[in-house]
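S.K.: Under this note's numbering, residues -5 to 385 are what the sequence shown spells out, in order.
Every residue, glycine too, gets a C-beta built ideally from N, C-alpha and C.
Handing you a structure now.
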Amino acid sequence: MRRVQDTTHSLRTLRVQRPRASDLRGAIPLRIRVTLRGATGADCLVTPLGGETMSWKHPGSLTLLTLCLAACGSPTGNESLDAEGAALDTPDVQQPAGAAPEQPEPREPRTLVVPKHYDTIQAAIDAAQHGDTVYVAPGVYSEHVVLKSGIRLIGAGAPITLWDGLGEPFNLIDYSGASDVEISGFTFRNVGSDTWCTMTSDLDRWCGGNWYASAIFADGHDATTSALVTNNIFEGNGTGVLLYFHALADVRRNLFWRNDYALAFNHLQDAAVVEENIFWKNTSLALGVQAGQVDIRRNVIAGSAVGLSHMYVQTGDIRCNVFFQNDQHVAETHAVPPRVVLGENGNVVLEPLFRDADAGDFRLRPDSPLKLADCLGDVDVTFEGLGLVAP
């Protein structure tokens, strides 16, 4: 069948050859003229050439009715259908306007085990789908991986699942552009640095986040970026975690020790949470917040040149933190009334009395003042929670 369309404003003409007998069962060949009257198309008429006019409500051939609709299209007359397809095929059932689309059947989340199922962590991440867990068995790894949204990256436990940067200045994990991810159960160590632009306590002198390498890195410039970072150990890195420009994170219950820079929010301009972490003997800076609304609560910050450095535009909730043996506990960029006053809002200076912190034993001694400190008494900071995880 072929269609010839007249471009006249109020007239469209269809010439229809004989359909297949098996499809229309005896329909006769005909030539029709379809006239569209009025902007609404309500007066669409079918006129057999040489015959009488019949309305589209006429109890005649369904084929003629379908051809009428094909020619008239929508109420504005802008849509057209293939005449043969409209006459011979059963139309698809359309969803009512405003109806929710059909949802696919729910899929059971999977656990992909490295190296049992995949030789590398990146191969498992590439094969994973939203909601899946990539479980990394005990061992020593040295990959550089890129995460994608909705993936839980879980190590067997920080004491036995080691991720080694081998001194090279490259990120171990990059979750830029990925949202709703979790990173848990690893020791990240030995990420190097080769930049001259050091992150001092003067935050105005920091370069952009992509100048630095870190164990965990994210850049939130291009897409929603967010992660839960929990139950990890960061040890001996140039930078432990660096979050750049709207790279969101909930950083809780981690141990940062013996890094140069532990945790840095670089040009963040967004919100984040840092809660129930131990920062111990990070050489230059334990925690730096550059232009961010970061809640900093219930952390132990000790043994650094600068414990906490933040710009005055930092508007997060800073309370219930313990500072100890820092050269400077809190550094604020501008000479204005301080946002953090030690002795107020639960921010105190005292010795936590860990059993043997320098040997990595952060369990509290029986006489530790943290057990009695206001707003810290209900917090388990012994890091017994860094235990082993089964797949």
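1. Under three-state DSSP, which class holds Ala367?
2. Go to Asp120, then tell me how far its alpha helix (DSSP H) extends in each direction, as first and last residue.
3. Would you say Val107 lies against chain D (beta-carbon separation less than 8 Å)?
4. I'd like the span of the beta strand (DSSP E) that includes Thr224, first residue to last.
5. State the Cα-Cα distance for the pair Arg183 and Ala299, rounded to the nearest angstrom.
6. Between Ala122, Ala118, Ile154 and Val288, which has its C-alpha nearest Gly144's C-alpha?
7. Following the continuous beta strand (DSSP E) through Gly234, name the residue where it begins and the one where it ends.
8. Which partner residues does Asn260 have in the DSSP bridge list?
9. Can you grab the Cα-Cα spacing for the pair Gln287 / Leu242, in whole Å?
10. At 3 residues or longer, and completely inside the stretch 108 to 188: list those beta strand (DSSP E) runs for me, N to C.
11. Would Gly125 pass as a contact of Gly161 if the rule is Cβ separation under 8 Å?
12. What are the boundary residues of the beta strand (DSSP E) that Val330 is part of?
13. Could you give the distance in angstroms between the alpha-carbon of Cys369 and the alpha-carbon of Pro163?
14. Are Thr224 and Asn248 touching if we call contact CB-CB under 8 Å?
15. Under 6 Å Cβ to Cβ from Arg246, same chain only, skipping five residues before and after it: list those, please.
16. Applying the 10 Å Cβ sphere with the 16-neighbour rule, what's the burial state of Asp213?
17. What does the Cβ neighbour count give for His328, buried or exposed, with the cut at 16 atoms within 10 Å?
18. Pull the bridge partners of Arg359 from the DSSP assignment, please.
19. Would you identify the three-state DSSP class for Asp352, choosing helix, strand or coil?
20. Can you list, in chain order, the residues of its chain whose CB lies under 8 Å from that of Asp361, leaving out five sequence neighbours each side?
21. In this structure, does DSSP put Ser303 in helix, strand or coil?
22. Given that a residue counts as buried once 16 or more other Cβ atoms are within 10 Å of its Cβ, and exposed if not, what is Lys51?
23. Assign Thr218 to one of two classes, buried (16 or more other C-beta atoms within 10 Å of its C-beta) or exposed (fewer than that).
24. Measuring CA to CA, which of Val334, Glu229, Asn226 and Leu236 is closest to Ser220?
25. Ala256 and Leu222: beta carbons closer than 8 Å?
26. Can you tell me whether Val245 is helix, strand or coil according to DSSP?
M.R.: Taking the structure as given:
1. As a first step, residue 367 is located in the sequence shown; it is residue number 373 there, counting from the start. If DSSP states are grouped into helix, strand and coil, Ala367 belongs with coil.
2. Position 126 of the sequence shown, counted from the first residue, corresponds to residue 120. Annotation for Asp120: the continuous alpha helix (DSSP H) segment containing it runs Ile115 to Ala121.
3. Annotation note: the requested chain D is absent from the structure, which comprises a single protein chain.
4. Here residue 224 is taken as the residue at index 230 of the sequence shown, counted from 1. Segment Thr219 to Thr224, the beta strand (DSSP E) holding Thr224.
5. Taking the first residue of the sequence shown as 1, we reach residue 183 at position 189. Taking the first residue of the sequence shown as 1, we reach residue 299 at position 305. Each residue's alpha carbon lies about 21 Å from the other.
6. Here the question's residue 144 lines up with position 150 in the sequence shown. Nearest of Ala122, Ala118, Ile154 and Val288 to Gly144, Cα basis: Ala122.
7. Position 240 of the sequence shown holds residue 234. Run containing Gly234: Thr233 to Tyr238, per the beta strand (DSSP E) assignment.
8. Residue 260 sits at position 266 when you count from the first residue of the sequence shown. Its beta-bridge partners are Tyr238.
9. What you label residue 287 is simply residue 293 of the sequence shown in a count that begins at 1. What you label residue 242 is simply residue 248 of the sequence shown in a count that begins at 1. CA-CA distance, Gln287 to Leu242, rounds to 11 Å.
10. Fully enclosed beta strand (DSSP E) runs of 3 or longer: 127 to 130, 133 to 135, 146 to 149, 155 to 158, 175 to 178 and 181 to 183.
11. Start at 1 with the first residue of the sequence shown, and residue 125 comes out as number 131. Start at 1 with the first residue of the sequence shown, and residue 161 comes out as number 167. No; because the gap between Cβ atoms is not below 8 Å, this pair is not in contact.
12. As a first step, residue 330 must be located in the sequence shown, where it is residue number 336. Neither: Val330 is in no beta strand (DSSP E) and is coded neither H nor E.
13. Numbered from its first residue, the sequence shown carries residue 369 at position 375. Numbered from its first residue, the sequence shown carries residue 163 at position 169. Approximately 39 Å between the Cα atoms of the pair.
14. Within the sequence shown, numbered from 1, the residue matching residue 224 stands at position 230. Within the sequence shown, numbered from 1, the residue matching residue 248 stands at position 254. By the CB criterion at 8 Å, Thr224 and Asn248 fall inside the cutoff.
15. Along the sequence shown, one-based indexing puts residue 246 at 252. Excluding sequence neighbours, Arg246 sits near Thr224, Glu269 and Glu270.
16. Working through the sequence shown from its first residue, we reach residue 213 at position 219. Its Cβ being crowded by 16 or more others within 10 Å, Asp213 is buried.
17. Locating residue 328 in the sequence shown gives position 334, counting from the first residue. Of the residues assessed, His328 falls on the exposed side of the cut-off, its CB having fewer than 16 other CB atoms within 10 angstroms.
18. Within the sequence shown, numbered from 1, the residue matching residue 359 stands at position 365. According to DSSP, which records beta bridges pairwise, Arg359 is partnered with nothing at all.
19. Along the sequence shown, one-based indexing puts residue 352 at 358. Correct three-state label for Asp352: helix.
20. Locating residue 361 in the sequence shown gives position 367, where the first residue counts as 1. Excluding residues within five positions, the ones whose Cβ falls inside 8 Å are Leu347.
21. Looking up residue 303 in the sequence shown gives position 309. In this structure, Ser303 counts as strand in the three-state DSSP scheme.
22. For the purposes of this step, residue 51 is taken as the residue at position 57 of the sequence shown. The pLDDT assigned to Lys51 is 43, lower than 50, so where the model puts this residue is not dependable, and the model offers no usable value.
23. The residue given as residue 218 occupies position 224 in the sequence shown. Looking at its Cβ environment, which holds fewer than 16 other Cβ atoms inside 10 Å, Thr218 is exposed.
24. The residue given as residue 220 occupies position 226 in the sequence shown. Of the candidates Val334, Glu229, Asn226 and Leu236, the residue whose Cα lies closest to the Cα of Ser220 is Leu236.
25. Within the sequence shown, numbered from 1, the residue matching residue 256 stands at position 262. Within the sequence shown, numbered from 1, the residue matching residue 222 stands at position 228. Cβ distance not < 8 Å, so Ala256 and Leu222 don't count as in contact.
26. Translated into positions along the sequence shown, residue 245 becomes position 251. DSSP places Val245 within a strand segment (E or B) once states are collapsed to three.
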